[in-house]
Amino acid sequence: MTRNFLFYWILSILAVLTWAPIASTANTLPKITIIATGGTIAGVAQSGTAAEYQASQLPVAKLLEAVPEIQNIAQVSGKQAFQISSQDMSNQHWLALAKQVNQLLASEEVDGIVITHGTDTMEETAYFLNLVTQSKKPVVLTGAMRASTSLSADGPLNLYNAVSVAANLNAVGKGVLVVLNDRIHSARDVTKTNTSSVGTFEAANFGALGYVYYGSVRFYRESTRKHTYQSEFNIDAL
Numbered sequence: 002m003t004r005n006f007l008f009y010w011i012l013s014i015l016a017v018l019t020w021a022p023i024a025s026t027a028n029t030l031p032k033i034t035i036i037a038t039g040g041t042i043a044g045v046a047q048s049g050t051a052a053e054y055q056a057s058q059l060p061v062a063k064l065l066e067a068v069p070e071i072q073n074i075a076q077v078s079g080k081q082a083f084q085i086s087s088q089d090m091s092n093q094h095w096l097a098l099a100k101q102v103n104q105l106l107a108s109e110e111v112d113g114i115v116i117t118h119g120t121d122t123m124e125e126t127a128y129f130l131n132l133v134t135q136s137k138k139p140v141v142l143t144g145a146m147r148a149s150t151s152l153s154a155d156g157p158l159n160l161y162n163a164v165s166v167a168a169n170l171n172a173v174g175k176g177v178l179v180v181l182n183d184r185i186h187s188a189r190d191v192t193k194t195n196t197s198s199v200g201t202f203e204a205a206n207f208g209a210l211g212y213v214y215y216g217s218v219r220f221y222r223e224s225t226r227k228h229t230y231q232s233e234f235n236i237d238a239l
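Add 1 to the 1-based position in the sequence shown for the working numbering, that's all there is to it.
In structure tokens:
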């Protein structure tokens, strides 16, 4: 009986330690900034079963209102960088976003960043940020394959999980990450494989870096290629 009690007690302690938030008390929760750029996650349809929708309709405040549980895992603040569909992302948008990310990460008031983004060019944005972000702090991109008004909208849980990853100590130094459908991918490896499936993002050659299940984060590997704080690229003069 004593051995069984000790075994389950150790398991419960390990479960808490594995979650490993950047800060662990209610008054010092990690400070995560949400940068919204538009996309399907901010999309609205005429009904819960409508396949057609208007993307990039909801502002960042509405995205956060849909997931009040985020307040339990991080101190979140929202910024609206753009309000566009991701197929309209241009070089100018990428440069402006990267500069905003670097500026925020340089502040002691920011522990990590989550970027909500359309899925069409999410991998391109993530790859670019992986080259030019000058910080070890977590940067996580997330989005949705279904509009916010869909019966089974995937955006709220994706956002919750993305914040959980950004607030997790084990995400520090991992480079820019993409989090959707419970999977954590490296920006270097991930690609969109399907136009409608919620499991569209895959890293076919290398697999996911880890998984996140209702906020519980597990990493199994990391990229060995240079990225972010190790990168040779610098956009300060641009």
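Beta carbons: idealized from backbone N, C-alpha and C, even for Gly.
Going by C-alpha positions, Gly-200 is about 14 Å away from Ser-153. Contact check for Gln-58 against Val-45 passes: the beta carbons are separated by less than 8 Å. Between Gly-156 and Ser-224, the C-beta gap is not smaller than 8 Å, which leaves the two residues out of contact. According to the DSSP assignment, Gly-113 belongs to no alpha helix (DSSP H) but to the beta strand (DSSP E) extending over 113-117.
Distances from the alpha-carbon of Gln-72 to those of Leu-210, Thr-34 and Met-146 put Thr-34 closest.
The DSSP-derived three-state label of Ser-165 is helix. Within the same chain, and ignoring the five residues on either side of His-228 in sequence, the residues whose Cβ sits closer than 6 Å to its Cβ are Asn-131 and Gly-176. By the Cβ test, the region 203-223 is not in contact with the region 100-107, since fewer than three Cβ pairs between them sit closer than 8 Å. Burial state of Ala-167 is buried, judged by a 10 Å Cβ sphere holding 16 or more other Cβ atoms. For Gly-174, same chain residues with a beta-carbon under 6 Å away, outside a window of 5 residues either side, are Lys-137 in chain order. If you compare the alpha carbons of Val-61, Leu-96 and Ala-37 with that of Phe-234, the shortest gap goes to Leu-96. Non-local beta-carbon contacts of Ser-48 in its own chain, meaning distances under 8 Å to residues more than five positions away in sequence, involve Thr-150 in chain order. Here the alpha carbons of Glu-110 and Asn-171 stand approximately 19 Å from one another. For His-186, the enclosing beta strand (DSSP E) has its first and last residue at 184-187. With a cutoff of 8 Å on beta-carbon distance, Arg-184 and Phe-202 are scored as near each other. Cβ neighbours of Gln-88 within its own chain (closer than 8 Å, five residues either side excluded): Gly-119, Asp-121 and Thr-122.
At the C-beta level, Ala-62 and Thr-41 stay beyond 8 Å of one another. The beta-carbon separation of Asn-162 and Gly-144, rounded to 12 Å, does not stay under the 8 Å limit for a contact. Annotated as distal: Val-115 and Val-179, with beta-carbon spacing of 8 Å or more.
Assignment of beta-bridge partners to Leu-65 by DSSP yields no partner. It is roughly 10 Å from the alpha-carbon of Asn-195 to the alpha-carbon of Met-146. In the three-state DSSP reduction, Leu-98 falls in the helix class (H, G or I).
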